[in-house]
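With our numbering applied, the sequence shown closes on residue 280, and no number is skipped along the way.
This report concerns only the one structure given below.
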Amino acid sequence: MHDVKKYTPGFGVPPVGPIAYDAAMAGTLRYETFTLGEFMTNCHVVWREGGTDCWLVDVGYEPGAMFGFVRELGLTPTQLILTHAHCDHIAGVAEALATWADLPVWLHEAERDWLGDPMLNLSGLFGQPITAPPATDFHDIDAPMELDGMRFELRHVPGHSPGSVVFYQPEAGVLLAGDTLFAGSIGRTDFPGGDHDLLIRGIREKLYGLPDETVVLPGHNEPTTIGREKRSNPFVR
């Protein structure tokens, strides 16, 4: 697994210390995490051991290493899944579609217009406006999705943004958390469309009920576990 770089100012508080974790495979699930761009956004390639179909989960700035890894392993992206549509998670969408034509792009319905609007996706606020091609498919309810026979549970956890979603693979015990829950922190809620109380409630109701050993792969900083956050996260107790 690629090294996850240190805490990124502006996306939470510093983590509470490293977690002993280096497994990139659990059961038949495999994933590789790439920490991309100046925001050090964790973007993932997910696939089944022995298979060739994969998902791209978020594609941030400077995604060349991520795409090179996919080609090196001979994987074929079948979906581009966006946990939400802030610029640091979508900056590489256009490049992904230029590399793999007709790749379906999934996004929550609540952020349907964000890919094409620099003010909604925050890139305009940072003085570097970007747009991405529109999504082709939309989540509107919590429902399972399947990758090469592996079932992922989709859970809508708004608060960091209206359309923030997470993906849980129960057999592997892995949660792709986007910017909802971090090691020792939570996603920012002071951006347009943020809602602190809604995020806290969603974490308690939709994430903290998962098994304590569930590995959380956040959108920034190092991995953690549900049990660790339930015991020590100062924002959600």
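Positions of the beta carbon are idealized from the N, C-alpha and C atoms, including for glycine.
Count the other CB atoms, across all protein chains shown, that sit within 10 Å of the CB of residue 106; report buried if there are 16 or more and exposed otherwise. Within the sequence shown, residue 106 is the residue found at index 63, counting from 1. It is buried - the Cβ of residue 106 has at least 16 other Cβ atoms within 10 Å.
>> Can you check which of these residues, 100, 229, 90, is closest to residue 134 by C-alpha distance?
In response: Your numbering for residue 134 matches position 91 in the sequence shown. Of the candidates 100, 229, 90, the one whose C-alpha sits nearest the C-alpha of residue 134 is 100.
For this session: Report the residue from 161, 172, 163, 178 whose alpha carbon sits nearest the alpha carbon of residue 122.
Result: Indexing the sequence shown from 1 puts residue 122 at position 79. Checking every option, the nearest Cα to that of residue 122 belongs to 178.
_Within the continuous alpha helix (DSSP H) that includes residue 180, where are the two ends?_
By 1-based counting over the sequence shown, the position of residue 180 is 137. First-last for residue 180: 180–182, but that is the beta strand (DSSP E), not the alpha helix (DSSP H).
Report task. Indicate the three-state DSSP secondary structure (helix, strand or coil) for residue 163 in the structure shown. Result -> Taking the sequence shown and counting its residues from 1, one reaches residue 163 at position 120. Coil.
Can you tell me which of 118, 225, 242, 232 puts its alpha carbon nearest to the alpha carbon of residue 275?
-> Taking the first residue of the sequence shown as 1, we reach residue 275 at position 232. Ranking 118, 225, 242, 232 by Cα distance to residue 275 puts 225 first.
Quick check on this structure: which residue in 147, 227, 103 has the alpha carbon closest to the alpha carbon of residue 174? Residue numbering aside, residue 174 sits at position 131 when the sequence shown is read from its first letter. Answer by Cα proximity: 103.
Consult DSSP for residue 278 and reduce its assignment to one of helix, strand or coil. If you number the sequence shown from 1, residue 278 lands on position 235. Here residue 278 sits in coil by DSSP.
| said: Tell me the rounded alpha-carbon separation between residue 37 and residue 144. | reply: A query on residue 37 cannot be resolved here, the shown segment of the chain reaching from 44 to 280 and no further.
Taking DSSP as the reference, what is the three-state secondary structure of residue 131?
-> Taking the sequence shown and counting its residues from 1, one reaches residue 131 at position 88. It is helical.
Practice prompt. Below 6 Å CB to CB, which residues in the same chain sit around residue 136 once its five sequence neighbours on both sides are set aside?
Written response: Position 93 of the sequence shown, counting from 1, holds the residue named residue 136. Excluding sequence neighbours, residue 136 sits near 102, 175.
Count the CB pairs spanning the segment 155–164 and the segment 190–200 that are closer than 8 Å, and state whether there are at least three.
-> no
Touch test, the segment 246–264 against the segment 210–226, Cβ-Cβ under 8 Å, three pairs minimum: yes
For residue 186, does the three-state DSSP call read helix, strand or coil?
For the purposes of this step, residue 186 is taken as residue 143 along the sequence shown, with counting starting at 1. Correct three-state label for residue 186: coil.
Check whether the segment 230–246 touches the segment 200–210, counting contact only when three or more Cβ pairs, one atom from each stretch, lie closer than 8 Å.
yes
Worksheet item: Taking residue 185 as the reference, which of 160, 214, 152, 171 has the closest Cα?
Response: Residue mapping note: residue 185 aligns to position 142 of the sequence shown, counting from 1. Nearest C-alpha to residue 185: 152.
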